[in-house]
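A short write-up of the structure that comes next.
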Amino acid sequence: MRHLMSPLDFSVEELDRILDLANDIERHPDKYAHACAGKKLATLFYEPSTRTRLSHEAAMLNLGGSVLGFSSADSSSAAKGESVSDTIRMVSCYADICAMRHPKEGAPMVACKHSSIPVINAGDGGHQHPTQTLTDLLTIRSLKGRLDHLKIGLCGDLKFGRTVHSLIHALVRYEGIEFVLISPEELRLPDYIREDVLEKNNVPYKEVVRLEEALPSLDLLYMTRVQKERFFNEEDYVRMKDFYILDAKKMQLAPQDMLVLHPLPRVNEISVEVDKDPRAVYFKQVQYGVYVRMALILTLLEINVES
Ligand code: NCD
């Protein structure tokens, strides 16, 4: 039985197969409409979410399966003090697969050790968010035509942003990837990723503070929000929250074919006027998130749909 804790749980070839499957689902949704009939997905969300929970649920419903779960720790027995390992033992009796989001790094890993069903890490603290990475990879491959030879700007909260951490892990396996890390000094990428992932794999990168400096040379700009809930004090958050605001004027500095991605939710970091720029693809990214989670559920449940 397989789980998904980090994007590295799949080889590059396996990832390619998942992305191919997602593209086939996009083209022929009817073919997959009953693939998970009789199967249940449990969503165990101990932390707020809109897209990640609903997209897992939409994915299972699109496959003809059903869903159950909870959307906050307060509405589950966690509020009574139940451990993650006990919860997952029970959920294994109710469902065939589950997606778990938790504020503590490593909680889904604890769950998978006690689970008899596949566990999907739907975000653990500031650590990893592998299904967002699958979404990002599918978006980039579908709209740019490749996952290699790209210069990628990662902008915003690179310290606490788990989507950025997972995306870096996944992308360093492709050839010709270069990063521009755009953040305020206080929100720089943690050393353990800079040294153990970027430097160890000889991936070229540059750290800059000004977005304007990076924009003209990028193939992709991945914007992120400042992660309010992971700050120790409100004052620091308030000081950082509007550090970057991508607007129409700044977009004039960017190449005509540069794509703007964002895992969402957006706060202030992308002005709404950018939404109508054809280079802004963050709402398309949401749609890709459903196709790729459908492909992931089929893969983890080992369900093959004949072509
Ligand atoms: C991200 C997350 O939860 O880490 N959201 C998402 O899943 N699309 C990004 C964020 O919350 O900023």
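Residue numbers (the numbering used here): 46 to 352. We put the CB at the ideal spot given by N, CA and C, even for glycine.
Counting other Cβ atoms within 10 Å of its Cβ, F288 reaches 16 or more and is therefore classed as buried.
Distances from the alpha-carbon of D322 to those of Y333, H147 and D302 put D302 closest. Using a 10 angstroms sphere on the CB of P300, the tally of other CB atoms stays under 16, which defines it as exposed. Between the stretch 48-63 and the stretch 169-178, the count of C-beta pairs closer than 8 Å reaches three or more; the two stretches touch. The residue from P74, R47 and V57 with its alpha-carbon nearest to that of V350 is P74.
Inter-segment contact for the stretch 53-64 and the stretch 114-121 is absent: fewer than three beta-carbon pairs are separated by less than 8 Å.
For G198, the uninterrupted beta strand (DSSP E) segment begins and ends at L195 to C200. In the structure shown, C157 falls within a helical segment according to DSSP collapsed to helix, strand and coil.
Cβ-Cβ distances below 8 Å link V326 to T184, L188, L304, V305 and L306 in the same chain, with the five nearest sequence neighbours on each side left out; the list follows chain order. The ligand NCD approaches R207 closely enough that one of its heavy atoms is under 7 Å from the residue's Cβ. In this structure the stretch 93-112 does not touch the stretch 147-155; the number of beta carbon pairs closer than 8 Å is below three.
Annotation for S120: no beta strand (DSSP E) segment contains it, and DSSP assigns it neither H nor E.
Shortest gap from the CB of R134 to any heavy atom of the ligand NCD: 7 Å or more. Its Cα nearest to that of F276, the residue L203 stands out among T88, R186 and L203. Rounded to the nearest whole angstrom, the C-alpha separation of N313 and K286 is 8 Å. For H147, the uninterrupted beta strand (DSSP E) run begins and ends at I142 to H147, by DSSP. Here V312 carries a coil assignment [DSSP, helix/strand/coil].
A Cβ-Cβ contact shorter than 8 Å links I227 with G198. Residue nearest to P261 within the set K273, E231 and K294 is K294 (criterion: CA-CA distance). Across the structure, L89 and Q297 are spaced so that their CA atoms are roughly 42 Å apart. Assigned with DSSP and collapsed to three states, K251 falls in strand. In this structure, V217 sits away from K251, with a CB-CB distance that is not shorter than 8 Å. Only exposed fits F328, as fewer than 16 other CB atoms lie within 10 angstroms of its CB. The beta carbon of V136 sits closer than 6 Å to the beta carbons of A87 and C143 from its chain, once the five residues preceding and following it are set aside; these are given in chain order.
Around the Cβ of V164, a 10 Å sphere holds 16 or more other Cβ atoms; the residue is buried.
Put simply, the stretch 329-346 touches the stretch 102-110. At least three CB pairs are less than 8 Å apart. Across the structure, P249 and Y77 are spaced so that their CA atoms are roughly 41 Å apart. A residue is called buried when at least 16 other Cβ atoms come within 10 angstroms of its Cβ; D141 meets this threshold and is buried. When distances are taken from the beta-carbon of Q272 to the heavy atoms of the ligand NCD, the shortest one is below 7 Å. A293 sits in a helix when the DSSP states are folded into three classes. Rounded to the nearest whole angstrom, the C-alpha separation of G114 and E258 is 45 Å. Y267 sits in a strand when the DSSP states are folded into three classes.
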